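> Before anything else, here's the structure in question.
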Amino acid sequence: MTLLRVENLRKSYGAVMALDDVSLDVEEGEFFALLGPSGCGKTTLMRAVAGFETPDAGRIALAGGDLQGVPPWRRPVNMMFQSYALFPHLDVAANIGFGLRQQGKPRDEIAQRVAALLELIQLPEHGARRISALSGGQRQRVALARALAPGPRLLLLDEPLGALDKKLREETQFQLKDIQRRTKTGFVIVTHDQDEALALADRIAVMRAGRIEQIGSPTEIYERPATRFVAGFVGDTNMIDGCIENGGFAAPFGRIALGICALPDGATASLSLRPERIHLGAEGLSGVVEDFTFRGETTLARIDVGAGHMLRASLPPGARVARGEAVRLVVAADAGVLFAKPAP
Amino acid sequence: MSLRLMLLAGFLFLYGPIAILVTMSFNASRLVTVWGGFSTKWYAALWSNEAMLNAAQVSFSAAALSAALATLLGLLAAVALARFGAFVSRALFFGAVHAPLVLPEVVLGLGLLSLFVALGAPRGFVTLVIAHTTFTMCFTTVALLAALRGCDPALEEAAMDLGAPPVQAFALVALPQIAPALISAFLLAFTLSLDDLVIASFATGPGATTLPMRIYSQVRLGVTPEVNAISTLLLAAVAVALALSALVTRRARE
Amino acid sequence: MTRRGLSLGKKLVLAAPYVWIVAFLLAPMLFILKISLSHSVLARPPYAPTFSLEDGLASLWGKAQTLSLDAWRALLDDPLYLEAYGSSLAIAAVATALTLLIAYPFALAMARAPQRLRPLLIGFAVAPFWTSFLIRVYAWTLLLKDEGLINHALMALHVIAAPLPMFATTGAVVVGIIYSYLPFMLLPLYAALEGQDPTLREAAADLGASPREVFFRVTLPLSRDGVVAGCLLVFIPAVGEFVIPDLLGGSGVLMIGRALWNDFFANHDWPAASAMAMALLAALMIPLLYYERSRQKSEAQR
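Here it is as structure tokens:
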């Protein structure tokens, strides 16, 4: 069942088009991500769904019901703010129970639900604590619990892991997914961090300049990017310009075999090749190692393949290269994604 | 080292005259230059001075009323200026609200009196309260505006998101945060009203003479020790108000 | 986004302070203007014409024609008034400059004090402001009079033989202004100095500047906004001061605030007082506009 349906949403601020004919669906119980660079409109979209922005045109429907004209305090949608926005004058339990009090629930019911949520976020003894006494990670969990307490159908999360350090971020990613599965609430996270989106979401919408570039599962987005932008934004890639020749890709520095080629011979195109799909081998494109960075689980090497082109290759652990070493690069036939180059 | 000296000199300059005033109020001798022994007789004399007592009552009640009004109006004005974004005539409103801060008091007083006269309004306690509310409103607005600006609007949005309509969201979330500022603003308006001479002289009428007006007319006749006594009492009242204000803000900061 | 204007709820919130300001701040200014164009009569109110609808609309026009610039002309004709304006501006300017000179090191000392002491220091420095203006000025009479404390102390120490005439002089008025308005100068200065990034001074020193040079080339220029704000906050109200020249200055010290008061309360000459008030505002217009602009600038920077 479609939980959230956004149809042809438009919103502009003066001359700036924040949302340009945006449409998407979020399914019941799904973990959805809005991914894009800053200014792409993802935050505007989220705030429009929450009710803090009024779109100029288009429709937002939740579980079939049109949300137009419904103010934020009456929408069954809750938001987890980027800054957490916890109420400093209330303790943890009062914060979490805020929405329930607004709903007019009886006191013991509120206390029960708050206790259950404190268990869920693994802070069972913290109900009476003041917000100022909590660490960043703890505040994030309280903010999540507070947004979940009223039992919304849809939860919007604004850069939920942005303020956390790397170790904490990974831990919290698992916890977040776990909580989403358990509460069976639809989660929509808004983020510019593609690692976050790839790790958490069931489906991702990549946005740029107010438009949706692609919607798909993390694997689809990563391995079969629909546009040049998506290929470059999600994950690292080598974008090579060239043309089609005899059913293969003719780059300025050599020939790369393609699997099925949808473009005719002579057409100009760009090939997106991810660093981890380029291997060192006995034969193939020739190049010289320019430089490399040791990353722990991989080594990223920059290889000069001639004609002024550098390719970045991600080498497996244990691979040893030296600066100036001559190497040969092997690329599988279906490793790259081809994009037609528009006529100038 | 010299910085510390400057601090000392500065505080000496600021508190010297006040200290002398307070000391003199306990001086049995009328003369400033002769110490006649410790005495509270001037305070006793005050107690039987009906005119002074009446004036004190007028001053304190006018101060309380005008401060309450000024704080309320200041809160509304601050909310409008901090949260409503741009609106027609916002710049004019902002400027007008800040005007009493820099305008000479004689001009303000004259203007208010002209208004009252033109409207045929009898001058007295009511016009006094109106006048004091008007000029202290500028100070309360500035104080509350600063406090509101320090208040994250995301918090009110979160409250709205969780089901509270805008007015409730403000009352439940923003008000508790600016509560110390509200109290400080009230106390500020209170002391400003209590101390005011010029505007009160213009705006008040017979039967509603304020304490500063009484003190002033006495001072013009010459230095009397009773004035020292009442001045010290007034200073003490304001010191208490200040201490309260500081306590409230310190408590809130924790 | 279209400018939709304020919703009804917001309009209600804005209404109370807005109406109050228009009624009790802006309207009075218009009244002063109108009275300055009237002439003095022995009646209640002591000026004519008075506009009312009782005599019908037609009479309004007739009355309007009796408005004149007589009061303004009297202002310009009488050299006393011009002198009063001149001396007010001069006294206020001198007092402002001296207040700055005294307040700056004081503010600097407080801004450089240890962090935990600062709120305490600034609190104590500003506390006198909360106490009665009148009383503080009055306290100076105890000090400055011929039979006052300062003269008494100096004579007792045999520094002088006869009392120095300090009371009822321009100097006394200047001291009074400095004393009363010091907190107005202190606060913006302190705010500006306290907010300065200490690493800037360290960088300057690292690049070879002596402490003196650091002050004149880094600290002072950076505090410009605070200096300007403080000067305006002292100068503008000081020009129209009444209490200080009345209590501490003698009949020899002419200040416009006092002249206004006398014209109003002693001579019952409302049109003259009103004209003076308008002229005072006109004289302050330039610094007032400057203040407004610098305030708007700091607003925009938020």
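Residue numbers (the working numbering), protein chains in the order written: chain V, 14 to 357; chain X, 29 to 282; chain D, 92 to 393.
Backbone N, C-alpha and C fix where the C-beta goes; we use that ideal spot for every residue, glycine too.
Remember, it's a predicted structure, so these values are computed and weren't measured experimentally.
Among X:G235, X:A159, X:A182, X:E184, which residue has its Cα nearest to the Cα of D:I112?
X:A159
> Pull out every residue of the region 49-75 of chain V whose Cβ sits closer than 7 Å to any Cβ of chain X, in chain order.
The residues in question are A63, F65.
> Under 8 Å, do V:I316 and V:A332 count as touching if we go by C-beta distance?
no
> I want to see whether chain X comes within less than 8 Å of D:W331, judged by CB atoms only; does it?
Looking at the sequence itself, residue 331 of chain D is Gly, so the reference to Trp does not match. At least one chain X Cβ lies under 8 Å of D:G331.
> In chain B, what lies closer than 7 Å to X:P193 by C-beta?
Absent here is chain B; the protein component of the structure consists of chains V, X and D.
> Going by alpha carbons, who is nearest to V:F44 out of V:H102, V:Q193, V:D33, V:S25?
V:Q193
> Using a Cβ-Cβ cut-off of 8 Å, state whether D:V325 counts as contacting chain X.
Judged by the 8 Å Cβ criterion, D:V325 is not in contact with chain X.
> Quick check: is the beta carbon of X:A108 nearer than 8 Å to any beta carbon in chain D?
True, the Cβ-Cβ gap to chain D drops below 8 Å.
> If you reduce the DSSP assignment to three classes, tell me which class V:E172 lands in.
coil
> Select from V:Q188, V:R18, V:K179, V:F200 the residue whose C-alpha is nearest the C-alpha of V:D208.
V:K179
> Between which two residues does the beta strand (DSSP E) holding V:A326 run?
322-328
> What does the alpha-carbon distance come out to for the pair V:S230 and V:G49?
15 Å
> Please check if any C-beta of chain D sits within less than 8 Å of the C-beta of X:F167.
no
> Counting only Cβ-Cβ distances shorter than 7 Å, please list the residues of the region 239-251 of chain X near chain D, keeping chain order.
P240, I243, Y244, V247, V251
> So if DSSP puts X:N55 in a beta bridge, which residue, or which two residues, is it bridged to?
X:F66
> D:N358 by DSSP, collapsed to three states: which one?
When secondary structure is reduced to three states using DSSP, D:N358 falls in the coil class, being assigned neither helix nor strand.
> In chain order, which alpha helix (DSSP H) runs of at least 4 residues are fully inside the region 169-210 of chain X?
181-189, 194-197
> Taking a contact to mean a Cβ-Cβ separation below 8 Å, would you say V:A282 touches V:A353 in this structure?
yes
> Taking only beta carbons into account, state which residues of the region 117-129 of chain D come closer than 9 Å to chain X, listed in chain order.
L117, A118, P119, M120, L121, F122, I123, K125, I126
> Measuring straight from C-alpha to C-alpha, what distance separates D:R94 and X:L49?
Model confidence at D:R94 stands at a pLDDT of 43, short of 50, so the residue's coordinates are unreliable; what they give is reported in the following sentence. Straight-line Cα distance between these residues: approximately 58 Å.
> Which chain X residues are close to D:Y109, counting only those with a beta carbon under 7 Å from its beta carbon?
F121
> Which residue wins for smallest C-alpha separation from D:A198, given the options X:A37, X:L261, X:P253, X:T277?
X:A37
> Determine the DSSP secondary structure at X:G102, reduced to helix, strand or coil.
When secondary structure is reduced to three states using DSSP, X:G102 falls in the helix class.
> Would the beta-carbon of D:L62 fall within 8 Å of that of D:A194?
Within the shown structure, residues of chain D are numbered from 92 to 393, placing residue 62 of chain D beyond reach of any answer.
> Which term fits D:E238, buried or exposed, when burial requires 16 or more other beta carbons within 10 angstroms of its beta carbon?
exposed
> Please report the straight-line C-alpha distance between X:V145 and X:L225, rounded to a whole angstrom.
Rounded to whole angstroms, X:V145 and X:L225 show a C-alpha spacing of 20 Å.
> Could you pull out every residue in the same chain whose Cβ sits closer than 8 Å to the Cβ of X:G152, ignoring the five residues on either side in sequence?
T232, G233, P234, G235, A236
> Roughly how many angstroms lie between the CA atoms of D:L313 and D:A204, to the nearest whole one?
19 Å
> Taking only three categories from DSSP, how would you classify V:D191?
helix
> Could you tell me the alpha carbon to alpha carbon distance between D:A200 and X:M34, rounded to whole angstroms?
7 Å
> Measuring alpha carbon to alpha carbon, tell me which of V:T56, V:E236, V:L276, V:N21 ends up nearest V:N259.
V:L276
> Contact check, D:F275 vs D:V325 under 8 Å by CB: the rounded distance?
5 Å
> Can you say whether X:T260 is buried or exposed, counting buried as having 16 or more other CB atoms within 10 angstroms of its CB?
buried
> Which of the three DSSP states, helix, strand or coil, is assigned to V:L342?
strand
> Let's see if you can read the secondary structure: which residues bound the beta strand (DSSP E) around V:S25?
15-26
> Examine chain D for any beta-carbon lying closer than 8 Å to the beta-carbon of X:D223, and answer yes or no.
yes
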